[in-house]
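A short worksheet on the structure shown next.
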RNA sequence: GGCGCCGUACCCAAGUGGCUAAGGGAGCAGUCUGCAAAACUGCGAUGCGGCGGUUCGAACCCGCCCGGCGCCUCCA
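Numbering (our numbering), first residue to last: 2 to 487.
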């Protein structure tokens with residue numbers, strides 16, 4: 002059974018959904034005003050993997066991930082570029098999908114947008130006003146923090162401490178410095194929607210409450226996001242949601258750690274961030290970075306730990322992945338009907354499947370899950386030396402496929418993995434310029450084989466060098482034939 | 001000032017009271033090979049930032065110290 006760390010209680014807890022067999026989870030998505038960076042990638046990946054694992058263990062998952070498409074930063078960006086907010090959000094939603102597709106992040110089952118839930122948002126604010134938990138000031142509506150007595154229970158802060166440490170300019174109209182906007186009256190030229198308090202737009206926190214409740218119910222299972230959302234965003238979501246319904250909002254709060262650069266948080270102000278597309282587009286053959294490499298890298302650290310991004314780390318991920326794909330090539334070799342190591346391999350495979358599940362059950366310990374996969378690689382290579390039947394080879398390949406699918410890894414064939422120009426790259430011509438066709442490669446390999454047979458090793462090495470210059474590596478089999486890889 | 005996190009081999013990274021401290025990458029040596037690649041085998045922390053303490057027993061618990069970081073303000 003899955004045990005997961007719940008920020009609300011500060012401990013790992015056995016995970017049991019409210020409705021047996023179905024998990025309802027909500028994850029804070031992105032504000033669509035710019036390209037996603039690796040930090041966004043990590044967050045998306047963590048919850049993508051959690052969702053995949055829940056499905057793997059048999060749950061149906063209702064997974065909502067929102068797009069924040071009304072926001073100060075969007076308005077600012079639109080004004081800077083002299084285009085509409087809709088134009089900005091459409092552009093970056095498209096970019097988001099492109100990036101996520103390359104990372105292999107699956108679509109959520111529900112992807113609500115704030116602009117499409119104004120009625121829900123307004124209704125929720127009205128409820129809070131009616132209950133005396135929110136008050137109106139001019140065209141704005143604020144949530145009154147001290148009307149929610151357990152405010153601070155998620156982030157373990159006391160209102161008094163916050164007050165003492167507050168560095169933000171306090172809006173004098175607020176009754177308490179920590180009160181936050183549910184509804185903001187709009188200034189001329191800003192996008193706005195009608196409301197009982199005049200034209201305006203929602204505050205940042207209210208949209209998530211309204212959309213989560215609309216799609217998943219007043220109480221649902223998992224709510225996720227980056228660590229930095231614990232306060233104030235998720236704290237405020239809890240206050241306004243629980244304040245409105247009198248019920249618990251999300252039962253398990255899950256937060257992922259940051260991606261860092263040289264041990265510092267990536268941030269725009271430090272100028273040390275990398276966008277996902279930049280990493281893909283700047284990398285060049287033969288060191289091209291693929292989505293799978295980034296995935297492997299991001300999953301090789303536990304989701305709650307900080308993780309340092311560097312080219313070196315991604316290269317290590319690539320090498321680790323390489324060993325796996327080399328094994329797959331071996332598994333494809335012609336094989337006899339019976340193998341001496343079949344039985345042993347079958348048992349090993351089962352044992353590792355269990356180890357993999359144990360790792361994932363332990364608060365989604367992907368580094369251990371990956372280690373299990375690597376362990377299987379070693380065992381499979383050994384079994385191959387001892388003798389594996391064609392059937393068993395296929396079974397081993399299937400094992401990698403099914404476990405890999407939980408992490409979103411190992412779903413490709415070697416060829417697709419190491420040839421970014423073919424499938425991963427989006428219209429990059431550079432890679433294919435000096436690439437050889439399969440036929441040309443086959444011709445040269447045949448020529449080399451002939452040279453080898455006539456003991457003309459000089460010619461054979463020459464042909465191998467030529468292929469190498471095109472990024473083709475030759476591996477000779479024991480029987481004298483060769484396989485190749487890019 | 002408040003709340004919290006991290007420090008494990010050359011690098012990345014699991015392990016959070018009790019078998020020889022996972023796994024990967026890099027390196028070195030060996031087997032195999034015309035050579036190479038791949039694969040396999042072996043080597044690699046008597047020690048887990050430091051010093052004390054608790055315990056039969058600690059990388060894991062407690063205290064202090066050193067070093068690094070995060071949140072408290074938009075932020076994955």
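Glycine is no exception: its CB is placed at the ideal position from the N, C-alpha and C atoms.
Element boundaries [beta strand (DSSP E), containing residue i]
i: residue 5; result: 4-7
i: residue 12; result: 12-15
i: residue 25; result: 23-32
i: residue 474; result: 474-477
i: residue 138; result: 135-138
i: residue 185; result: 181-186
i: residue 257; result: 251-257
i: residue 261; result: 260-262
Spatially closest choice to residue i from the options, by CA coordinates
i: residue 232; options: 9, 487, 138 and 303; result: 9
i: residue 55; options: 34, 98 and 5; result: 5
i: residue 303; options: 51, 289, 458 and 150; result: 51
i: residue 313; options: 111, 253 and 290; result: 290
i: residue 405; options: 358, 339 and 383; result: 358
i: residue 391; options: 407, 373, 346 and 455; result: 346
i: residue 412; options: 267, 292 and 121; result: 292
i: residue 107; options: 476, 407, 439 and 451; result: 407
i: residue 70; options: 42, 400, 192 and 241; result: 192
i: residue 474; options: 437, 459 and 455; result: 437
i: residue 456; options: 476, 157, 481 and 258; result: 481
i: residue 142; options: 214, 174 and 316; result: 174
i: residue 484; options: 334, 281 and 74; result: 334
i: residue 223; options: 178, 159, 403 and 16; result: 16
i: residue 299; options: 7, 46 and 486; result: 46
i: residue 43; options: 101, 92, 83 and 14; result: 101
i: residue 349; options: 124, 66, 95 and 383; result: 383
i: residue 77; options: 190, 219 and 401; result: 190
i: residue 64; options: 263, 316, 327 and 214; result: 214
i: residue 157; options: 363, 7 and 451; result: 7
N-terminal and C-terminal residue of the alpha helix (DSSP H) that residue i is part of
i: residue 48; result: 39-57
i: residue 89; result: 86-104
i: residue 395; result: 391-408
i: residue 483; result: No alpha helix (DSSP H) holds residue 483; the beta strand (DSSP E) holding it covers 483-486.
i: residue 63; result: Careful: residue 63 lies outside any alpha helix (DSSP H), inside the beta strand (DSSP E) at 61-69.
i: residue 145; result: Segment: none, residue 145 is in no alpha helix (DSSP H) and carries neither H nor E.
i: residue 458; result: 458-470
i: residue 488; result: This structure cannot settle anything about residue 488, because the visible part of the chain is limited to 2 through 487.
i: residue 124; result: 119-131
i: residue 80; result: 73-82
i: residue 1; result: The requested residue 1 does not occur in the structure, where the chain is confined to residues 2 to 487.
Beta-carbon proximity check, residue i vs residue j, cutoff 8 angstroms
i: residue 355; j: residue 309; result: no
i: residue 3; j: residue 58; result: yes
i: residue 453; j: residue 461; result: yes
i: residue 221; j: residue 394; result: no
i: residue 378; j: residue 325; result: yes
i: residue 144; j: residue 180; result: yes
i: residue 245; j: residue 128; result: yes
i: residue 199; j: residue 186; result: yes
i: residue 132; j: residue 68; result: no
i: residue 118; j: residue 19; result: no
i: residue 155; j: residue 254; result: yes
i: residue 31; j: residue 48; result: no
i: residue 265; j: residue 271; result: yes
i: residue 331; j: residue 385; result: yes
i: residue 249; j: residue 210; result: no
i: residue 116; j: residue 60; result: no
i: residue 103; j: residue 281; result: yes
Presumed contact (8 angstroms Cβ cut-off) between residue i and residue j, rounded CB distance
i: residue 176; j: residue 136; result: 7 angstroms
i: residue 105; j: residue 398; result: At roughly 19 angstroms, the Cβ-Cβ gap does not stay under 8 angstroms, so residue 105 and residue 398 are not in contact.
i: residue 72; j: residue 34; result: 7 angstroms
i: residue 389; j: residue 342; result: 6 angstroms
i: residue 256; j: residue 227; result: 7 angstroms
i: residue 153; j: residue 236; result: 7 angstroms
i: residue 287; j: residue 472; result: 5 angstroms
i: residue 126; j: residue 183; result: 5 angstroms
i: residue 37; j: residue 353; result: In fact, because the Cβ distance is near 34 angstroms, the residues do not count as touching under 8 angstroms.
i: residue 258; j: residue 311; result: Actually they are not in contact, since the Cβ atoms of residue 258 and residue 311 sit about 16 angstroms apart, beyond 8 angstroms.
i: residue 269; j: residue 294; result: That belief does not hold up - the Cβ atoms of residue 269 and residue 294 are roughly 25 angstroms apart, past 8 angstroms.
i: residue 369; j: residue 360; result: 4 angstroms
i: residue 464; j: residue 448; result: 6 angstroms
i: residue 13; j: residue 414; result: Wrong, their Cβ atoms sit about 38 angstroms apart, outside the cutoff.
Proximity test, residue i beta-carbon vs the ligand GTP heavy atom, cut-off 7 angstroms
i: residue 200; result: Questions concerning the ligand GTP fall outside what the structure shown contains, since it holds no ligand whatsoever.
Counting only runs of 3+ residues fully inside the segment 198-243, write out the beta strand (DSSP E) ranges in chain order. Counting whole runs of 3 or more residues, the segment 198-243 contains the beta strand (DSSP E) stretches 201-203 and 221-227.
What residue ranges within the segment 276-343 form continuous beta strand (DSSP E) runs of no fewer than 3 residues, ordered along the chain? Within the segment 276-343, no complete beta strand (DSSP E) run reaches 3 residues.
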